[in-house]
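Trainee: Got a structure for you, written out below as structure tokens; questions coming shortly.
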């Protein structure tokens with residue numbers, strides 16, 4: 004049997020096993036305008052604090068983190084705090 008092959012009768016392929024072992028999570032940052040969503044997101048992802056305010060339309064970030072001794076990939080969506088986005092917060 005090739006390395007990484009799934010056990011017979013498991014219903015999983017080797018690719019399925021790899022995907023199952025990789026943990027990916029999607030996060031959405033919501034809140035009113037000017038409250039610091041982008042500043043907190045950038046500080047978490049890049050380790051720097053952005054002091055100047057630049058209104059966000061929408062930004063996305065990826066960060067690999069370790070949780071319970073397993074690598075996880077976070078997909079983070081930083082949303083706008085404008086009136087057009089209030090439906091997402093409600």
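In my numbering, the protein residues as written are 4 to 93. Each residue gets a CB set at the ideal place from its N, CA and C atoms; glycine is no exception. Just so it is clear, the structure is predicted and the values come from calculations on it, not from any experiment.
(1) Quick one: using the 10 Å Cβ neighbour count with 16 as the cut-off for buried, is residue 41 buried or exposed?
(2) With a 10 Å radius around its C-beta and 16 neighbouring C-beta atoms as the bar for buried, classify residue 37 as buried or exposed.
(3) Check the C-beta distance from residue 81 over to residue 61 and give it rounded, since I have them as a contact under 8 Å.
(4) Going along the chain, which residues of its own chain have a beta-carbon closer than 8 Å to the beta-carbon of residue 56, five neighbours each way excluded?
(5) Classify residue 82 as helix, strand or coil using the three-state DSSP reduction.
(6) For residue 45, which of helix, strand or coil comes out of DSSP?
(7) Report all residues from its chain with a CB closer than 8 Å to the CB of residue 67; omit the five preceding and five following residues, and keep chain order.
(8) Who are the Cβ neighbours of residue 30 in its own chain at under 8 Å, not counting the five residues just before and after it?
Mentor: Result, derived from the coordinates:
(1) Under the 10 Å beta carbon count, residue 41 is surrounded by 16 or more other beta carbons and is classified as buried.
(2) Around the CB of residue 37, fewer than 16 other CB atoms lie within 10 Å, so the residue is classed as exposed.
(3) 7 Å
(4) 37
(5) Correct three-state label for residue 82: strand.
(6) helix
(7) 74, 75, 76 and 77
(8) Around residue 30, the same chain offers 77, 78, 79 and 80 as residues with beta carbons nearer than 8 Å, after the five sequence neighbours per side are excluded.
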